[in-house]
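Take a look at the structure below.
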Amino acid sequence: MMRSKLTVMTAASVAVLALLAGCGGGSGFDDSAKSDGLTSDSSKGLTVLIGSSGDTETEAVKKAVAAWSKKSGTKATVQVANDMAQQLSQGFAGGDPADVFYLAPEQLAGYASNGSLLAYGDELKNKSDFYDNLLQTFTYDGKLYAAPKDVSTLQLVINTDMWSAAGLTDADIPTTWDQLADVAKKLTTADHVGLAFNGEYARVGVFLRQAGGGLVSDDGAKAIASSDASVKGLEEVKTLLDSDTVKYASDLGTGWGGEAFGSKKAAMTIEGNWITGGLSADYPDVKYKVVELPEGPAGKGTVSVQ
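As numbered in the working numbering, residues 1 to 306 make up the sequence shown, in order.
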């Protein structure tokens with residue numbers, strides 16, 4: 001049975017909205033099934049569901065969508081999710097999901113396998129511009145389902161004013177899990193915790209990697225989420241959270257680690273390079289430095305986040 005809307009998945013907004021705007025003389029969407037790009041009934045308009053890192057990202061997405069709407073003649077509305085995964089699943093369960101939306105790489109297989117997504121990736125004229133490993137991340141059953149928006153490895157971001165106030169120096173930058181726990185304790189005050197990050201695999205996963213685990217093996221052939229190494233990584237996260245010097249960003253009333261850090265509710269966070277733009281736009285007075293994540297029992301480790 002054909003749906004009245006063709007649902008499109010993307011890792012995040014920037015690449016997709018550039019395509020929607022028809023930059024560079026055309027887009028994968030313009031070339032695909034419907035003349036209006038995404039929906040069989042343009043009078044209904046489109047909904048674009050995003051998980052925003054802050055006002056800067058939200059306004060950029062809205063501006064890009066508005067430009068595309070003006071050019072295409074198709075109405076489009078941007079919705080900012082409080083809980084992206086939950087609201088997305090609720091939309092599908094209710095039979096009215098967003099037309100274009102962010103989707104974490106680990107969620108791809110579930111939605112692609114039941115036919116919920118439009119595999120538009122192979123229609124992209126700039127497909128060759130993306131790294132092969134990123135394309136593989138969004139490929140399922142031989143079909144490329146989405147264009148990645150961005151990618152970054154994760155680092156430890158430190159508020160330098162709070163660091164100095166706690167009497168810490170460069171010699172105290174943590175290089176091990178024990179040292180990370182120690183400086184988080186020293187940085188914690190009545191006003192802020194020592195460390196905050198998102199409670200999702202894209203952040204928690206660094207501890208699994210540093211313990212020698214992860215979700216799947218490096219060749220992608222075997223699930224290792226329940227391996228001893230992965231469990232050890234999760235146990236370290238639990239130990240940190242139980243100390244009350246480390247919190248998930250949501251437990252601080254913030255949407256992500258960058259907001260918890262920028263609003264000075266946390267002295268450190270674990271984030272990618274996108275935090276630079278968010279801090280400069282929304283929290284320009286926050287002084288910080290970025291350092292390598294401490295190593296775990298299996299050595300150094302980080303994850304690439306799309």
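Glycine included, every Cβ here is placed at the ideal spot set by N, Cα and C.
Just so we're clear, the structure is a prediction, and the values are computed from it rather than from any experiment.
- In terms of CA proximity to A98, V80 leads the group G110, V80, L108 and G194.
- Judged by DSSP in its simplified three-state form, T175 adopts coil rather than helix or strand.
- Secondary structure of F197 (DSSP, three-state): strand.
- Under the three-state reduction of DSSP, S243 is assigned to coil, being neither helix nor strand.
- Per DSSP, A165 is one residue of the alpha helix (DSSP H) stretching across T160 to A165.
- Counting of Cβ neighbours within 10 angstroms places G167 among the exposed residues, the total staying below 16.
- A249 sits in a helix when the DSSP states are folded into three classes.
- Minimum Cα-Cα distance from D178 among the listed residues T58, Y248, M162 and S243 corresponds to S243.
- Note on V216: under 16 other CB atoms within 10 angstroms of its CB, so exposed under the neighbour-count rule.
- At a Cβ-Cβ threshold of 9 Å, L49 and Q155 do not count as neighbours.
- Contact between the stretch 284-292 and the stretch 216-231 is absent: fewer than three C-beta pairs spanning the two stretches fall below 8 Å.
- For I275, the enclosing alpha helix (DSSP H) covers residues I275 to D282.
- The continuous beta strand (DSSP E) containing L49 extends over residues L46 to I50.
- A residue is called buried when at least 16 other Cβ atoms come within 10 angstroms of its Cβ; A165 does not meet this threshold and is exposed.
- When DSSP states are grouped into helix, strand and coil, F101 belongs to the strand group.
- Counting every other CB atom within 10 Å of its CB across the protein chains shown gives P105 a total of 16 or more, marking it as buried.
- As computed with DSSP, Q210 is found in no beta bridge at all.
- Residue state for L135 is assigned as helix, using DSSP reduced to three classes.
- Its Cα nearest to that of M84, the residue E200 stands out among G278, N273, E200 and G253.
- Sixteen is the threshold: since fewer than 16 other Cβ atoms of the shown chains lie within 10 Å of the Cβ of K238, the residue is exposed.
- Judged by their CB atoms, L195 and M162 are not nearer to each other than the 9 Å cut-off.
- Ranked by how close their Cα comes to the Cα of A147, the residues F92, P174 and L108 have L108 in first place.
- In the structure shown, the three-state DSSP call for S263 is coil.
- Rounded to the nearest angstrom, the Cβ distance from T245 to G257 is 15 Å, too far for a contact under 8 Å.
- E259 is the residue among E259, N273, D191 and V291 whose C-alpha sits nearest the C-alpha of G54.
- Burial state of S52 is buried, judged by a 10 Å Cβ sphere holding 16 or more other Cβ atoms.
- Between D129 and D191, the alpha-carbon positions lie close to 45 Å from each other.
- Burial is judged here by how many other beta carbons sit within 10 angstroms of a residue's own beta carbon; Y102 has at least 16 and is buried.
- F92 and N159 do not touch by the CB rule: their CB atoms are close to 39 Å apart, not below 8 Å.
- Using a 10 angstroms sphere on the CB of V290, the tally of other CB atoms stays under 16, which defines it as exposed.
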